[in-house]
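Only one structure is covered here, and it is reproduced in the block below.
In the numbering used here, the protein residues as written are 9 to 294.
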């Protein structure tokens, strides 16, 4: 367990492949702060839509969560099984007129639509509206599944607790709209640093968490340096205040694995130690 204080690198685990640097869609649409220079009027600083990137590892993780959802939702599981059975029959040509009539019956499609809408609402309940990272509930669900996978495959992981410094100062000085923009810019920086396989979340307020898969203590300083470098680059776009994180780190050891609650408590404690120990300038002109 360790902490680190940051002001905003090669990729955390080496140079990132091309797909790691391209936005394609992580958790659906999210808002990203528009780039604006020091002379841009405050009223013109706004938040615009963007999509999060999504990689193969995200789909694997979604598969784990989907499997859990199917196991707990018999209605959804029955619909999925029926559709799969009919699809296989259509592919082989082994389907009778009665089956085809049942497929095209309006009640069938109404039931499918109803189940899919319920599933979409459930997904929205796992997502932070501002950043489109996981929220606390989504993070707990996804991280729990990832920890089971890591324990089974003997993979080490690192949990990063990142607290955005001076959010209250930003809100008080520039308004809550600018505070939201700062949170989105901070989320953008984290997404640029971490990989598609990592789980990113905004736990609430100014706190973010990242569970980095297949990461070990030897990767820690590299990752922290990359966060610092990425935030420094983001700060060049707006000189009114400097984005910085206070970061606590805890290691998941698959051999002597702590549960998620213990791991979060370790990282949270390390983060607050760094928060208390450092003096964060309120702005670049302070």
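Built from N, CA and C at the ideal position, the CB exists for glycine as well.
*Burial state of residue 56 (16 or more Cβ within 10 Å)*: Any reading at residue 56 must be qualified, since the residue scores a pLDDT of 40, below 50, and its modelled position is unreliable; the value itself is stated next. Exposed, by the Cβ-count rule.
*Outcome for residue 96 when other beta-carbon atoms lying within 10 angstroms are tallied against a minimum of 16*: Result: exposed.
*asked:* At a threshold of 6 Å, does residue 185 count as lining the ligand NAP (C-beta to nearest heavy atom)?
replied: The ligand NAP is not among the ligands present in this structure, which contains no ligands whatsoever.
*asked:* Considering just the uninterrupted stretch of the alpha helix (DSSP H) at residue 200, what are its terminal residues?
replied: Residue 200 -> alpha helix (DSSP H) spans 184-201.
*Around the C-beta of residue 236, are 16 or more other C-beta atoms found within 10 angstroms, so that it is buried, or is it exposed?*
Buried, because 16 or more other Cβ atoms sit within 10 Å of the Cβ of residue 236.
_On a Cα-Cα basis, can you pick out the residue from 139, 145 and 256 that is closest to residue 276?_
Nearest C-alpha to residue 276: 256.
*DSSP-derived helix/strand/coil call for residue 245*: DSSP places residue 245 in the coil class of the three-state scheme, outside both helix and strand.
*asked:* Going by C-alpha to C-alpha distance, which of 168, 216, 273 and 262 sits closest to residue 157?
replied: Of 168, 216, 273 and 262, the residue nearest in Cα terms is 262.
_Just to confirm before moving on: does the CB-CB distance between residue 150 and residue 207 stay below 7 Å?_
For the 7 Å CB-CB criterion, residue 150 and residue 207 form a contact.
*Indicate whether the contact test is met: 3 or more Cβ pairs, each with one atom in the region 142-149 and one in the region 187-206, closer than 8 Å.*
By the Cβ test, the region 142-149 is not in contact with the region 187-206, since fewer than three Cβ pairs between them sit closer than 8 Å.
*Counted within 10 angstroms of its Cβ, other Cβ atoms place residue 212 as buried (16 or more) or exposed*: The residue in question, residue 212, is exposed, as its Cβ has fewer than 16 Cβ neighbours within 10 Å.
*Which same chain residues, not among the five before or five after residue 271, have their C-beta less than 7 Å away from its C-beta?*
Once the five neighbours on either side are set aside, the close Cβ partners of residue 271 are 167, 258 and 260.
*Could you round the C-beta distance between residue 169 and residue 199 to whole angstroms and report it? I think they count as a contact, below 8 Å.*
Going by Cβ atoms, the distance from residue 169 to residue 199 rounds to 17 Å, so no, they are not a contact pair.
*Three-state secondary structure (DSSP) at residue 148?*
Judged by DSSP in its simplified three-state form, residue 148 adopts helix.
*Using a threshold of 7 Å, state whether the C-beta atoms of residue 155 and residue 221 are closer than that.*
Taking 7 Å as the cut-off, the beta carbon of residue 155 is found no closer than this to the beta carbon of residue 221.
_Segment limits, beta strand (DSSP E) that includes residue 215_ = Taken as a continuous stretch (DSSP letters only), the beta strand (DSSP E) holding residue 215 covers 215-221.
*Out of 281, 138, 267 and 93, point me to the one whose CA is closest to residue 184's CA.*
Among 281, 138, 267 and 93, the Cα nearest to that of residue 184 belongs to 138.
*Would you report the Cα separation of residue 161 and residue 133, rounded to the nearest angstrom?*
Each residue's alpha carbon lies about 30 Å from the other.
*Beta carbon of residue 378 nearer than 7 Å to that of residue 268*: Nothing can be reported for residue 378, as the shown portion of the chain is limited to 9 through 294.
*Would you kindly work out how many angstroms separate the C-alpha atoms of residue 58 and residue 204, rounded to a whole number?*
For residue 58, the predicted model reports a pLDDT of 47, less than 50, meaning its position is unreliable; a value from the coordinates is still stated below. Straight-line Cα distance between these residues: approximately 16 Å.
*Please classify residue 264: is it buried, with 16 or more other beta-carbons within 10 angstroms of its beta-carbon, or exposed?*
Label assigned to residue 264: exposed.
_Boundaries of the beta strand (DSSP E) in which residue 254 is found, first to last residue_ = Boundaries of the beta strand (DSSP E) harbouring residue 254: 253-260, taken from the DSSP string.
*Determine the extent of the beta strand (DSSP E) in which residue 171 is found, giving its start and end residues.*
Residue 171 -> beta strand (DSSP E) spans 165-172.
*Hey, how far is the Cα of residue 273 from the Cα of residue 140?*
Approximately 24 Å, taken between the alpha carbons.
_Among the candidates 229, 188, 247 and 283, whose CA atom is the shortest distance from the CA of residue 210?_
Of the candidates 229, 188, 247 and 283, the one whose C-alpha sits nearest the C-alpha of residue 210 is 188.
*The beta strand (DSSP E) with residue 211 in it runs from where to where?*
207-212 is the extent of the beta strand (DSSP E) around residue 211.
*Pairwise C-alpha distance: residue 93 and residue 142*: Taking the straight line joining both Cα atoms gives about 33 Å.
*asked:* Taking the alpha-carbon of residue 197 as reference, which of 224, 245, 163 and 225 has the nearest alpha-carbon?
replied: If we check each option's Cα against that of residue 197, 245 comes out closest.
*Between the C-alpha atoms of residue 254 and residue 225, what's the straight-line distance to the nearest angstrom?*
When rounded, the distance between both Cα atoms is 18 Å.
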